[in-house]
Each structure stands twice: as C-alpha cells, then as structure tokens.
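Protein chains in written order, with the working numbering: chain A, 24 to 103; chain B, -8 to 718; chain C, 941 to 1172. Ideal placement from N, C-alpha and C gives every residue a C-beta, glycine not left out. Beneath this line is the structure, given in structure tokens, with notes to follow.
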Amino acid sequence: MKVSVFVSPKQGVLDPAGQATLGSLKSLGFDEVSDVRIGKYITMRLEGVDAEQAEARVQEMCERLLANPIIEDFKVEIEG
Amino acid sequence: MAELYEELGLTEGEYRDIVRLLGREPNKVELGMYSLMWSEHCSYKSSRAVLAQLPTRASYVLQGPGENAGVIDIGGGLAVAFKMESHNHPSAVEPYQGAATGIGGIVRDIFTMGARPIACLDPLRFGDPASPRTRYLFGGVIAGIAGYGNCLGIPTVGGDIYFDPCYEENILVNVMCIGIMSKESLIRGQATGVGNAVVLLGNRTGRDGIGGASILASQEFDEKSQEKRPSVQVGDPFTEKLLIEACLELLEKKLLLGLQDLGAAGISCACSETAARGGVGMRIDLEKVPLREEMEPFEIMISESQERMLAIVEPRNLEEVLGVCGKWGLSAVVIGEVTEGDALKIYWHGEKVVDVPASTLASGPVYDRPAERPDYLDEVQSFDPSTLRHPEDLSQTLLRLAGGPNLCSRRMVWERYDHMVQLNTVVYPGSDAAVLRIKGTSKALAVSCDGNSRYVYLDPYLGTQIAVAESARNVVASGGVPMAFTNCLNFGNPEKPGIFWQFREAVRGMADAARYLELPVVSGNVSFYNESFGAAIYPTPVIGMVGLIGNAAHRMDIAFPQEGLAVALLGETLDELGGSEYLWLVHGMAAGRPPRLDLRLEKGAQTTCIEGIRRGIILSAHDCSEGGVAVALMECCCAGGVGARLEVDTELKPVSWLFSESQSRFVVTLREEGLPTLRELAKARNVQLEVLGRTGGDRLVINDWIDLEVAEMDRVREEALERIMRG
Amino acid sequence: MKFGVVVFPGSNCEMDCYHVIDKVLREEVDYVWHQETDVSRYDCLVLPGGFSYGDYLRCGAIARFSPVMEAVADYARGGGLVIGICNGFQILLEAGLLPGAMLRNTCLHFICRFVDLRVENASTPWTNAAEAGQVLRIPIAHNEGNYTVDAGTLRELQEQGRIILRYCAPDGTVSEESNPNGAMDNIAGICNEGFNVFGLMPHPERASEAVLGSTDGMVIWESVMAHYRGRG
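Pasting the structure below:
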C-alpha cells in the first residue's frame, strides 16, 4: 500500500522559505503569485494492514513524528 | 577488447602492460578496475615523476606523502595530521553535493590516520562574479560546505576565495582538513596479518558516482534497460559523524590494524591500496557488501557511495568491533580476509571475478610528458605597467579595491560556517591565519591556505614560490613558526605541453621555496583537466601551511589593537604593479611580471617578525599581499576599529607605493619603546624597517594620498560580497 | 554538583559542554548516552547542541523519542534542572517540555556569530548571577532559531517572566535590527513554568573562557551552581 503524506506550514505560521520564494517568483515576473508555502512530501510503503487501519496508523505517525502540530498541517493520501 | 579499453580511457600501451603484468588478457571487470586505478586521478601517472623533487622529510615528519594524510610531531606526545584535496569537477556539476562530499572525503582522510578532525579550510575559485552561473555555483558551494561541515561539528576556520573569469566553466573547490592525535594513535591504511578480517563500515553501497564509468557499464550490460545512473554522490553528514566517533573509539581501544577510507574507485581502490601497502593479498566476497539497490559486481567494485571505511581487524577483536559499530548505529560487515601472496581476488557468490596482483593496481604507469614553454608568457610578461595612466583620486581607488570581489570581506561566507565548535578557535577567519589552541597544552596551531593563480599564470615558477612564501608569512603574522605544508595542484590538461610546462615549473618553484624555507611537503593532491572548450584555468597551486605557536599567548591578529602605537612596515616596497589586484580591478589587466621574491629576505622578514612577536614587542601583524600595503593598512584599521595617520617618504609614485604587491613585507604595530629592539632584529637580517606613523583617530590618512573614515571603509568592505552576489 | 551531558547520535557540542564543566567550572560531569533510562544521579542535565539524528526530519524531532528523553521528562517533572542549548532547546520543544517551535532563520541560512542578549529575568536558577537588563555577549550557531509560539502562550511567557533572554543591541535595546533569526519577540531563551527547564539558542559554553573572546556565558553556569548550592 502506497501512502503519501504532505506536510506544510500551518496557515498563519511564518514560512521564511516560502516568503523568499514568493519574492523571487515576483522578481521573475510571476506577479500573479500571491502566496507560497513550502512543505515536505513523504512517501511510504505499508505492508500487512488494510486501508482503514492504514489511515489510523498514518494519522498517528503524522501526529507523533512526521509533522509538528504546533507549526505544521498534514494531509494523507492512501493508494490501493 | 580494443574498443573497450579505449573507451575506458586506457592507451594501447597501458593495455599491453596489463596483459604483460597478468600474463593473460584481463576480463572486463579487471579491465574496468585498471582503467580507474590507472586513471590520472588515482595513479598520478603524469605528476608522480615531477612531484618526486619535493622535499618531504624533516625530523618531525611522522608520515609524508603516500598515505591518506601527512602527519607531523608537534611535541608533548601529540601529532597533527593534515591534507588538502580537490573536489572541482563534482562541484561544477552539483555545487551543494560536490562541496559537501568534498568535505566528507577530506575529513575521512584525517580520522583514517587516527586523528580527531579539528578544523577545515576551503580555498575556492569562482568565475566572473557578475555571471548568474557564478552566483549559482557560489551559493551552492557555500551552502554545501556549511550543510556538511556544520553538521559534523568540525569548525570551518578559513580558506580563501578568488573570482576570475578563467574559472567560469571550471570552479575550484579545494578542501583542507587538520586533525590532532596522540602520537601512538597513528595508524596507516595497511592490511597486515594473513587471516585477518576485512570489514566494511558505514553506509550501504549504491550507484553513486558510477556515471564516470558508465561506458563500461553500458558495454557490459547493454542488453538490460538501465536506469540513468546518478553520477552525483550525495553526502550524509550524520553517518559521517557517527563514523568519526566509531572509528576513533575503535582506534582508542586498539581494535584496528589498518584503516582506509573509500573514495575514488571505491572498494577497488581501498582494497588494492591497503593490500599493496601491507605487501599482502586479499580475498573479497562481494555479495557480502550491504547494498542500497540491486547492483552488478562491477558496479559494487567502483561505486563511490560516501561515508564508508575499510578496516583490518584481527578475528579475536571482531566481536568487539561489531559491538562498537552497533552502539553507534553503523553497519559493519566482514567482506573478506587478508591472504598470503599479493593477489587481490574478488568473488561473487563463490565465482571468481577478479584475480590480479594488488600492487599492479595500486601503482600505475609513470609518464614523463612533453613540456614546452607556452607562447602567451612572452606577451604577458613584456607588459610594462609604467605606461599606464593612473587614477587621480587614490582614496576612491582604495575604496574600489576594498569593495572589489577579491579583496572585500568574506564575513558573509564564514558566518555561515560554524567556525567556533570544539572551542579551539582563538583567531577567527578574516585574519591572516586561523589559530586553534590545543587544549591541555599552552600551544596553538596557525593554519593558512594561499595561492594567487594570477602570479602563477604570469610566471609559474615564481608564482608558486610566492604561494609557499605567502602562506608561511601568514602563519608567521599569526605568531606561528611554519612547520610543513600540504598542497592542491589544479591545472589544465597535462597532455598539452604548455600545461605540463606550467605544472613542472610550478612544482620546481614549490620545491625550491620549500627547501630554502625548510618546509617539508607532507601530503597533497593533483587535479588535472580543469578546462572546458579547450581553455584551461590559470595554473592554480594552492598551499595549506601549518605552523606551531609554542605559547598560545603569542598568537597575533591583524587588528590595530589600540591608539597611539607606532605603525611600521617590515620589508621593502618596490615598483611592482605587475600581476597586481590594482592592475586587474582598475585597468582590467592580468599582465606584467609578478613581484620579485628573494627567499633570503623572505626568511629574514619572517624571522624578524616572529622574534618581535615572541619578545612581546609586536602587538599586531599583517602580511602585505593583494592590494599592497594600502589594502593591508585598511584591513588593520577595519579589524581594530582604529584609524592611523601615516607619513610616507618614498621616491615611488604614490600608486606604486600604495598598491604594489612586493613580497616579504609585514605591517606591524608596536609601542615606541620597542622600536630600537625591532630595528636591531631587522638590521641583523638585512630587512628594512620603516616607521610609517601612529595609530589613532577614526580615519586612515596616508600623506595627502589617502584620507578615509574607518567606518566608511568597513561598510564598503563588509557590504560588498552580499551586494555582488545579489547581482 | 554533578552534571550529566546527554549524548544523542549527531550531537556535536557535548565535548564542549563537558570541557567547560570539567575544566572551567571544575565540577563533576558524565556523558549520558541516549539509551540510558536513569538520570536520577545528576544535579543538572545538559542537552547540548549539534545535529541529533542529522536533524533530518525536523530539528530535534527524532531525538525526542530516544529512551533517555522519557527519563529526562520525568526528571524535569520532578523539578530537576535541565538546560537545552541550541539543538538541545529544539529537542525540549519537540518533547513538549517547553512550549513553541522553531522555524528556519528568516535569512534562510546558518548563522554563527556573537550576539548580544538582554537578561529579562534575573531571578531564575539560570540567571541569578546576572542583573536584570544586563547584556551578555554569547555566540549563536544555528539554522533554525526562529522561535514561534501561539499568541496566548506568548502572553503567558511574557506575563510569567518566562522569557529569560532576548536578542538586543550592545546597549540593550531590543529591536528588529538586533534580531538575528526572526524569533518572535526577539526570544533567545525561555523557561517552563517551574523555571527548572531552560532552553536557549545561544551557546554559553562558547563564551566561558577569556581566550575564546567572552566569559559572559559563565553567568549561566555560575547561576545554576549558586542555585544548587543555595538549595542544597
């Protein structure tokens, strides 16, 4: 089972890398960009669990280790 | 086979040699190993004969060239290991990882000798600072050095940076590491004792760095669909840090007989070199190598995956060795054993894939390449700077130099490096040499890297002598007695007679200077083929000098320490604008003859300075180099936040006195009462001593030539690099 | 007084802390391996700087799951003295022993240099040898020292005097210009509610010997020793 986890800075938390990239994009003429957030994309392979179990386990992984809930949000996608 | 060896870069003669040495045709895997081990990079086939003239011995040299690093005895049971290396080509391809893995490699060379790495220095050369490519490479290299070095907890305390269009396509990333150990901990990359285990430590092996040998891979495996092989090695500083701690613990417990890092040509090189040095054979079972992905035997043999070490262990110590590695969370696997004879035999699931004498891999051919003095020299040397019209506003000219890419402050770079960790750095980057105290003793080390390639381009022999002299001078200005040096020799294609002539002359200059100054060369590295589209870089020998400060209280830096001191110039200023930074920045010319160097005077100036420091007379010292005495004085003012008012009596044109780069000079400060003694010391050595004036105030004033606020000069110096790199 | 310096794989300031405690403070000190589970024999625990586990996921994120961290948490809950320096501070944040989190420096790169710090609360175990408002010159060396916390907690920290050190100018003025990394409210060091757990980004061990350019870091070591002696 293939799992994708997207970790991104929480709305309202300053994202220095995103801000710098936003500035850079604007200076290149991409004026339409109004916000950039830079996060992490984590892929995992899970064995021996069903989709429902996987959902719960990955949720726990994110809360305990993969994301820091003080500054980061996360989103999980599970494929077959 | 004919096509294969050619594609692998071997000549017909080399192929015949291999057949003769083996008494048969090599198989493909063997041929591939020879092609790598006999490459210029691993075998030094073009340079070895020339390098033989370098002096390498002194009573205190414990290990000269030929090992992973040179080692010198600094007394009190302590020894210092150091070496410099290049990582030019990988850094031009991927600057962050190239520079990072360069640090990783040189650091392994140091702890492989049994020393704890205590500092890194990075001499860097980039192209035109105005080009976007330079900015990209500069940013990546600095970030790579910081990212890897900071994580290891080894301070980056120095190095130098030059920008010149000749490096546009071929940047230079040289890295130097220095380590300290008790003399008994010295260990070599040697395999000994038949039956002893060959243990591979550290990262698993993947396809890193195999790109260079992809020709062979495609020859051998072209029926399979191969993924595009990554030729960029990726550094893992965390594993490297664990390797350092684990290896030093293993050495402290005396559990290892030999230790060798895996660098270029990976397992092939590490096994053949350790076996050859120990005069033994080795059997390797390749399937035991822990892999990151599925790989063919040949790929495993040549992979340049980083952060791996080869250790030779007695069977009775094996369990303890694996235990220590386990404690540090490192993989450690027995992959073979030391055998009788001198054959390196490699098996893949019981099938023998390689059987060659180890020594034939480790010592390749030696060439005496044709050399011819290149034509450009007559043209550039015939240029006479006295024909130039000089600018009238000398203050503005000094400010221009201060804010120029080659002379401005490097603070924005070294503040990205952790230059303090380990609590030894007692003179920070930005002075002439970095000074590292040695805990538990009253001693300190002074370390400096230097190499003005414009001088070498204009006169390879003289330019390289100057590099050695200047490096020693920087150590002296920091209060140290120069002891020994390492080097990295960056040149173009040695198969071109003009390039090889530059190389030969440079090494001859280095050897003569080293012999006169009694400085052994204990390690080094040669990087050839630094050219693109037929254009080579300037010949760039870089010197890494190590000196000892017997009493750390005698360490010096360049800063004017207080007001009211006499400012004196040791050494003579001549009309020597040839090859100067002034000529380059103001007139856009790299021409003329480099400044003269009289080794007798150089030694005299150095011993005068060191004696003045030891007697407590000299309170600050700065070597005069690029930009001349004017830039040196400006740097002293800025570093100390103190101005100076100086009166110069000279027959030279103002611009020549200010910006000539005459050698063998120091700007020093001292109290009035110290002058008679310093005069005596200088006179005894035939060294000129000229009192220029006094420190004080918030301006630097020189005759009616220069009148600048210290704060203004400092602002220009400090803001320049950031501004240049922003574009 | 007996110090324990906790060593995680990838720590790189543990020897520096050990050196200062042993050779400068001349107090007893041990390394505490990350797999140890009993830290009760120490009078103060030091979580040193470095790159624990390479800081690969997030600074301190993996180290907090080391076996020793449970023991450290128990020790702290029992009132034991714990100081986290740089990476050690980041680990204390990840472990929830101190509130908040670290973002990347606003300049987006590592910074190693001396900074000026104003002592905001001089009646803590860590600062009692200082005067309130005193300016200390101590180096920083980090890539992620941009402290952030939710508004409510920030108010609590302010009201309870738990902001111990703030980045300032040499004259003590706290301003945007004197903030090297973008940290909220110029925060360089904070305490827990009991003031027995202290996290700070600057490295006091790098400013504890005159030969290194500053002895201002001694204020912190001397404070905790005075606190211990006064209590013991």
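Simplified DSSP state of residue i, which is helix, strand or coil
i	result
G619/B	helix
H1082/C	strand
A334/B	strand
G555/B	coil
S296/B	coil
K232/B	helix
C984/C	strand
C479/B	strand
V36/A	coil
F289/B	helix
Y520/B	coil
G4/B	helix
F102/B	helix
T785/B	Residue numbering for chain B in the displayed model covers -8 to 718; residue 785/B lies beyond these limits and cannot be assessed.
V1164/C	helix
D503/B	helix
E991/C	Going by the sequence as given, residue 991/C is Phe instead of Glu. Reduced to three states, the DSSP call for F991/C is coil.
Beta-carbon neighbours of residue i, restricted to chain C and to distances below 9 Å
i	result
V36/A	A1041, L1043 and T1088
C-alpha distance - residue i paired with residue j, whole-angstrom precision
i	j	result
I152/B	A621/B	20 Å
E214/B	E(-2)/B	Residue placement at E214/B cannot be trusted, given a pLDDT of 37 that sits under 50; the coordinates are not used to answer.
V946/C	S992/C	11 Å
V30/A	E285/B	31 Å
S469/B	S655/B	15 Å
I608/B	R662/B	7 Å
I1051/C	L680/B	41 Å
E363/B	F494/B	11 Å
I169/B	Y529/B	27 Å
A74/A	I291/B	38 Å
P123/B	A424/B	31 Å
E264/B	S350/B	7 Å
I235/B	F154/B	34 Å
K963/C	C957/C	10 Å
R1017/C	D970/C	22 Å
P56/B	T47/B	7 Å
For residue j and residue i, believed in contact at Cβ under 8 Å, the rounded distance
i	j	result
V1159/C	A1069/C	5 Å
I1127/C	R1106/C	6 Å
M547/B	C629/B	That pair is no contact at about 17 Å.
A72/B	I101/B	5 Å
6 Å CB neighbourhood of residue i in its chain, flanking five on each side removed
i	result
A1123/C	N1086 and Y1087
Y761/B	Here chain B covers residues -8 to 718 and nothing more, so residue 761/B does not appear.
L1043/C	N1086 and T1088
G68/B	S173 and K174
A1150/C	none
The ligand SAM heavy atom lying under 7 Å from the CB of residue i
i	result
G317/B	Summarising the ligand content, the structure contains no ligands, and the ligand SAM is consequently not present.
Under 8 Å from the C-beta of residue i: neighbouring residues of chain A
i	result
F1122/C	The question names Phe, but residue 1122/C is Gly in the sequence shown. In chain order: L37 and P39.
E1034/C	N91
Interface partners of residue i on chain B, CB under 7 Å
i	result
P1079/C	M411
Own chain partners of residue i with C-beta closer than 7 Å, once the 5 adjacent residues on each side are dropped
i	result
A1013/C	A1035 and L1037
N542/B	S433
A463/B	P473, L508, L510, M536 and Q597
Partner residues on chain C for residue i, Cβ-Cβ distance less than 8 Å
i	result
L88/A	L997, A1001, I1002 and F1005
E298/B	By Cβ distance, chain C contributes nothing, its closest Cβ being about 11 Å from E298/B, past 8 Å.
I94/A	A1041, L1043 and T1088
Y139/B	Correct list: empty, because the minimum Cβ distance to chain C is about 10 Å.
Q319/B	Here residue 319/B is Trp; the residue named in the question, Gln, does not match the sequence. Going along chain C in sequence order, the residues near W319/B (Cβ under 8 Å) are P949.
Chain-ordered neighbours of residue i on chain E, where CB pairs are closer than 7 Å
i	result
C142/B	Included in the structure are the protein chains A, B and C, with no chain E among them.
Residue i: contacting residues in chain A (beta-carbon distance under 9 Å)
i	result
T1046/C	L37, P39, Q42 and A43
Chain-ordered neighbours of residue i on chain B, where CB pairs are closer than 8 Å
i	result
D956/C	V412, Q413 and L414
G950/C	C142, F229, K232 and L233
C953/C	G144 and V412
Sequence-distant residues of the same chain with beta carbon closer than 8 Å to residue i, five excluded per side
i	result
A725/B	The requested residue 725/B is not part of the displayed model; chain B covers only -8 to 718.
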